[in-house]
Every structure is written in structure tokens, then in C-alpha cells.
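Visitor:
In this note's numbering, the protein residues as written are 121 to 233.
(1) Given a cut-off of 9 Å, decide if residue 188 and residue 179 are closer than it, judged by their beta-carbon atoms.
(2) Excluding the 5 residues flanking residue 128 on each side, which residues of the same chain have their C-beta closer than 6 Å to its C-beta?
(3) Would you call the CB atoms of residue 165 and residue 228 closer than 9 Å?
(4) Can you name, in chain order, every residue of its own chain whose Cβ lies under 7 Å from the Cβ of residue 234, other than the five neighbours on each side?
(5) Just the C-alpha distance for residue 209 and residue 142, rounded to the nearest angstrom, thanks.
Structure below.
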């Protein structure tokens, strides 16, 4: 379902193209948090040099597929496909995961997971 051409895959494919087109065609934002224009190792954000709703939306969509509702599971095969098919979306996902790591960990405890 998440592969290109699948029901969800088509959505991710279109979103990946949009992010690439809106970030200079390189899949790297024109603005990075440390001002280096998105060089290797620089923070990756979709719209601005900081976390925005766009980044959170991508994170939530990817997380739902990779880890299920409230990150209760880990679907390694789905994650492998996502990383292969949608590297730009996964770069955003990884950035948000890193930025929100303390919150995400605390959230698991709130839901008794």
C-alpha cells in the first residue's frame, strides 16, 4: 500500500514531489536552521528554518504507517520501503523524530504504552 502506485503510496509520491519542488529541486530546504543552506548534516525542514506544521504533518503521516497508531508497533518492512521510495519524506521524519524525541518518549508513558 505504501509503494509508489499504491493507495497510500500515491499520496506519499505526490507529497515527496511537492517537497522536492518547493525546496529547490534537491530535496533539501533552501533555509536550514544553522544557515548553511541544507548541507549534509544540517537540519532538514520543509518550509522554514524551524519546525512547522508542514513538518509535523509529514511526520504524523509517515509515523502512522511505520509505527501504527500512537507508535505502538514498528513495521520494519514498511519502514524499509518508505526509506527506499521516499527518502526526502523520511529525512523530514527523522528530523522531527530527533527534535521531538523527549516529547515522543513522554507521550508513550501517557498512554500506558
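All C-beta atoms, glycine included, are put in the ideal place defined by N, C-alpha and C.
Guide: A quick look at the data gives this:
(1) A distance of 9 Å or more separates the beta carbons of residue 179 and residue 188.
(2) The beta carbon of residue 128 lies closer than 6 Å to those of 121, 122 in the same chain, with the five residues before and after it left out.
(3) Contact: no.
(4) Outside the displayed range of the chain (121 to 233) lies residue 234, so it cannot be described from this structure.
(5) Cα-Cα distance, rounded: 13 Å.
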